[in-house]
Amino acid sequence: MKKAEREHVNRVAELGCVACYVQSGEWFTPGEIHHIREGQGAAQRAGWLEVICLCVGHHRHNDKVAKKIAVHAAYKTFAATYGDERELLALTLNNI
Ligand SMILES: [Zn+2]
Ligand SMILES: [Zn+2]
450 MKKAEREHVN RVAELGCVAC YVQSGEWFTP GEIHHIREGQ GAAQRAGWLE VICLCVGHHR
510 HNDKVAKKIA VHAAYKTFAA TYGDERELLA LTLNNI
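Counting the sequence shown from 1 gives a position; the working numbering is that position plus 449.
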């Protein structure tokens, strides 16, 4: 991982969960780095510049109490609710 990539990933992580922003209008919910098109296999995995930040409830496990849908649990519902990965990437890049 190159230095510029690491710096970029740090900025994305500092911004916080992009789906929380769509859901609540607030940035800075701590989260994890999610690779765009992660589900399509390593061969097609996008580079370090194509990452977004998602909290656990928006990344791995649906959170019924907080009404969060996780990208890895229910991608179609996630995309219909918050926007697809490309839209969330654009939103991220416009705000870092
Ligand atoms: Zn979130
Ligand atoms: Zn992920």
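Ideal placement from N, C-alpha and C gives every residue a C-beta, glycine not left out.
Just to confirm, is the Cβ distance from residue i to residue j under 8 Å?
i	j	result
E454	I485	no
R481	H508	In the sequence as presented, Arg is not what sits at residue 481; that position holds Glu. Yes, the Cβ-Cβ distance between E481 and H508 is below 8 Å.
G496	F477	no
V471	Y531	yes
A528	N511	no
Apply the 10 Å Cβ neighbour rule to residue i and answer buried if 16 or more other Cβ atoms are within range, or exposed otherwise.
i	result
H483	buried
K517	buried
V514	exposed
L498	exposed
T541	buried
N544	exposed
A468	buried
A519	buried
Since residue i is in the alpha helix (DSSP H), which residue starts that stretch and which ends it?
i	result
E481	Not the alpha helix (DSSP H): E481 falls in the beta strand (DSSP E), residues E481 to H484.
L464	K452 to L464
A529	Y524 to Y531
R535	E534 to L542
At which residues does the beta strand (DSSP E) containing residue i begin and terminate?
i	result
V471	That residue, V471, is in no beta strand (DSSP E); its alpha helix (DSSP H) goes V467 to S473.
V570	In the structure displayed, the chain extends from 450 to 545; residue 570 sits before or after that span and is not available.
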